[in-house]
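Asks: Okay, handing you the structure first.
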Amino acid sequence: MALSTFLSLFKLSTFLLCLLILSGTTSGQLSANFYARTCPNFRSIITRAVNTAVSNEARMGASLLRLHFHDCFVNGCDGSVLLDDTANFTGEKTAGPNSNSIRGFNVIDTIKTQLESQCPGVVSCADILSTAARDSVVALGGPSWNVVFGRRDSTTASLSAANSNLPGPGSSLSALISSFSNKGFTANEMVALSGAHTIGQARCTTFRNRIYNENNINASFATSVRRNCPSSGGDNNLSPLDSTPVTFDNRYFSDLINQRGLLHSDQELFNGGSADAQVRTYSSNPATFSRDFASAMVKMGNLSPLTGSSGQVRTNCRRTN
Ligand code: HEM
Ligand SMILES: *[C@@H]1O[C@H](CO)[C@@H](O)[C@H](O)[C@H]1NC(C)=O
Ligand SMILES: *[C@@H]1O[C@H](CO)[C@@H](O)[C@H](O)[C@H]1NC(C)=O
Numbered sequence: 244m245a246l247s248t249f250l251s252l253f254k255l256s257t258f259l260l261c262l263l264i265l266s267g268t269t270s271g272q273l274s275a276n277f278y279a280r281t282c283p284n285f286r287s288i289i290t291r292a293v294n295t296a297v298s299n300e301a302r303m304g305a306s307l308l309r310l311h312f313h314d315c316f317v318n319g320c321d322g323s324v325l326l327d328d329t330a331n332f333t334g335e336k337t338a339g340p341n342s343n344s345i346r347g348f349n350v351i352d353t354i355k356t357q358l359e360s361q362c363p364g365v366v367s368c369a370d371i372l373s374t375a376a377r378d379s380v381v382a383l384g385g386p387s388w389n390v391v392f393g394r395r396d397s398t399t400a401s402l403s404a405a406n407s408n409l410p411g412p413g414s415s416l417s418a419l420i421s422s423f424s425n426k427g428f429t430a431n432e433m434v435a436l437s438g439a440h441t442i443g444q445a446r447c448t449t450f451r452n453r454i455y456n457e458n459n460i461n462a463s464f465a466t467s468v469r470r471n472c473p474s475s476g477g478d479n480n481l482s483p484l485d486s487t488p489v490t491f492d493n494r495y496f497s498d499l500i501n502q503r504g505l506l507h508s509d510q511e512l513f514n515g516g517s518a519d520a521q522v523r524t525y526s527s528n529p530a531t532f533s534r535d536f537a538s539a540m541v542k543m544g545n546l547s548p549l550t551g552s553s554g555q556v557r558t559n560c561r562r563t564n
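Here our numbering is used: position 192 in the sequence shown is 435, and no number is missing along the way.
In structure tokens, the structure reads:
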């Protein structure tokens with residue numbers, strides 16, 4: 244081989260290697276170092292605020308994780324869930340799955356205020372949500388994953404998309420599979436992501452039918468949950484989604500095996516159907532669950548972000564600039 248050919252091959256392979264290294268930290272137009280020059284401390288600001296919020300109230304970690312999910316499943320991770328209603332559009336906060344249910348807005352506001360004072364107009368609300376979700380899981384003892392940045396915020400929200408894209412607690416296994424498949428997730432990823440219900444609480448109205456009318460439920464579990472969820476009234480009374488609601492572990496899956504799923508949709512994952520084997524695997528192998536959950540969360544965070552000059556970086560997460 245001629246020396247010149249060798250040299251050009253060498254250059255080409257160096258170039259390809261650089262591309263490969265870069266692609267390890269970027270996804271689409273999102274990147275790990277997006278704010279490196281414009282707001283170098285943004286991650287520690289978010290992490291500190293999340294840790295404070297979670298130490299004040301452990302459930303807040305669950306609420307912040309759910310906010311990110313409800314953002315990303317409705318027209319992508321664009322901060323739309325945070326917008327209040329305006330004269331021009333009705334936001335997503337009053338959609339069925341969100342109304343009287345999603346929470347954590349004050350924590351996001353606190354983070355946004357701190358970021359605006361350090362680096363005005365730089366860090367998007369959508370990036371705050373994706374980072375806070377990861378930090379919340381870590382704060383409650385769960386796995387970590389790498390978040391990439393550069394999402395921009397929407398200038399509108401969609402009540403109808405929130406109502407149609409977010410799965411409800413009465414869903415069958417096949418409805419859950421198709422709702423996640425509509426967003427590009429496999430059935431296995433849906434089961435892994437459902438493991439988010441290892442933390443947090445649900446309102447009586449979302450599981451009343453299950454604890455009074457279903458048969459695939461442990462009788463002593465049903466009796467104890469009924470105490471705080473009467474057959475009528477008490478709609479907003481809370482029960483934990485699994486038996487260790489402030490620890491991100493794999494207990495959700497062993498609870499399902501013991502017929503102690505709180506929501507109908509939870510127990511659908513272990514009811515003699517195609518997800519049973521995966522539930523058993525996660526219940527006996529926490530590391531497998533952690534790994535699968537983390538990689539599905541990375542994928543969720545990449546759902547159709549606004550990048551480049553699309554959208555805006557809101558200065559107040561509750562309204563457009
Ligand atoms: C598989 C389909 C899913 C259904 C049907 C579903 C449904 C629900 C329902 C009904 C609640 C209780 C809400 C309330 O009573 O106010 C809830 C809570 C929660 N969900 Fe899901 N969810 C699903 C998937 C997910 C995913 C993928 C995540 C996150 C990755 C998630 C995270 C949470 C968390 C953390 C809570 C507790 C929130 C808190 O305590 O504030 N859920 N979910
Ligand atoms: C609603 O839209 C009109 C026209 O586009 C605009 O002038 C007005 O500022 C908007 N109002 C709000 C509350 O965003
Ligand atoms: C329900 O759970 C209790 C433990 O709390 C257990 O003793 C009982 O055997 C379970 N019932 C069934 C039918 O599995």
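From the three backbone atoms N, C-alpha and C, an ideal C-beta is built for every residue, glycine too.
Taking the beta strand (DSSP E) that Ser193 falls in, what are its first and last residues?
Replies: Since the first residue shown for the chain is 244 and the last is 564, residue 193 is missing from the structure and cannot be characterised.
Asks: Can you tell me the Cα-Cα spacing of Gln444 and Asn456, whole angstroms?
Replies: 21 Å
Asks: Tell me whether Gln521 is buried or exposed, calling it buried when 16 or more other Cβ atoms sit within 10 Å of its Cβ.
Replies: buried
Asks: Restricting to Cα atoms, I'd like to know which of Asn452, Thr337, Ala530 and Thr490 is closest to Leu505.
Replies: The shortest Cα separation from Leu505 among Asn452, Thr337, Ala530 and Thr490 belongs to Asn452.
Asks: From Ser474, Asn545, Ala375 and Trp388, pick the residue whose C-alpha is nearest to that of Arg291; which is it?
Replies: Ala375
Asks: Pull the bridge partners of Gln444 from the DSSP assignment, please.
Replies: Pro483
Asks: Alpha carbon to alpha carbon, what distance is there between Gly347 and Gly267?
Replies: For Gly267, the predicted model reports a pLDDT of 42, less than 50, meaning its position is unreliable and no value from the coordinates is stated.
Asks: Can you look up Asn514 in the DSSP assignment and give me helix, strand or coil?
Replies: coil
Asks: Grouping DSSP H, G and I as helix and E and B as strand, with all else coil, what is Arg503?
Replies: coil
Asks: Exposed or buried, which one is Ser367 when buried takes at least 16 other CB atoms within 10 Å?
Replies: buried
Asks: Mind checking who Arg562 pairs with in its DSSP beta bridge?
Replies: Asn559
Asks: One question on the structure: do Ile345 and Lys355 come within less than 8 Å of each other, judged by their Cβ atoms?
Replies: no
Asks: Is Asn461 near ligand 3, in the sense that its beta carbon is under 7 Å from a heavy atom of that ligand?
Replies: yes
Asks: Using 10 angstroms around the beta-carbon of Gly551, count the other beta-carbons present and answer buried if the total reaches 16, otherwise exposed.
Replies: exposed
Asks: Where DSSP assigns a beta bridge to Leu549, which residues make up the other side?
Replies: Paired residues: Arg395.
Asks: Is it right to say Asp478 is buried, meaning 16 or more other beta carbons lie within 10 angstroms of its own, or is it exposed?
Replies: For Asp478, the number of other beta carbons within 10 angstroms of its own is below 16, and it is reported as exposed.
Asks: Spell out whether any CB of chain B is found under 8 Å from the CB atom of Asn461.
Replies: Given the protein chain composition of this structure (a single chain), no chain B is represented.
Asks: Starting from the C-beta of Ile264, find all residues in its chain whose C-beta is less than 7 Å away, skip the five residues before and the five after it, and write them out in chain order.
Replies: With a pLDDT of only 42 at Ile264, under the threshold of 50, the placement of this residue in the model should not be trusted; the figure read from the coordinates follows. Same-chain partners within the cutoff: there are none.
Asks: Taking Arg557 and Gly322 to be in contact with their CB atoms under 8 Å, please state how far apart those CB atoms are, rounded to whole angstroms.
Replies: The C-beta separation of Arg557 from Gly322 comes to about 7 Å, placing the pair in contact by the 8 Å criterion.
Asks: Within 10 angstroms of its Cβ, does Leu252 collect 16 or more other Cβ (buried), or is it exposed?
Replies: In this prediction, Leu252 scores a pLDDT of 43, lower than 50, which makes its location untrustworthy; no coordinate-derived value is stated.
Asks: How would you call Glu569, buried or exposed, if buried means at least 16 neighbouring beta carbons within 10 angstroms?
Replies: Any answer about residue 569 is impossible in this case: the structure gives the chain only from 244 up to 564.
Asks: Got a sec: does ligand 1 put a non-hydrogen atom nearer than 7 Å to the Cβ of Pro233?
Replies: The structure shown does not extend to residue 233, since the chain spans only 244 to 564, so no value can be given for it.
Asks: Beta carbon of Ser547, beta carbon of Gly319: below 8 Å?
Replies: If you check the CB distance, Ser547 and Gly319 come in under 8 Å.
Asks: Where Thr466 and Gln272 are concerned, what is the direct C-alpha to C-alpha distance, given to the nearest angstrom?
Replies: 51 Å
Asks: With DSSP as the reference, label Leu273 as helix, strand or coil.
Replies: Strand.
Asks: Pro529 lies in the alpha helix (DSSP H); which residues open and close that run?
Replies: It spans Pro529 to Gly544 - the alpha helix (DSSP H) in which Pro529 sits, taken as one unbroken run.
Asks: Does DSSP classify Ile371 as helix, strand or coil?
Replies: helix
Asks: Ligand 1 and Phe348: does any heavy atom of the ligand fall closer than 7 Å to the residue's C-beta?
Replies: no
Asks: What separation, rounded to the nearest whole angstrom, lies between the Cα atoms of Ser527 and Val324?
Replies: 35 Å
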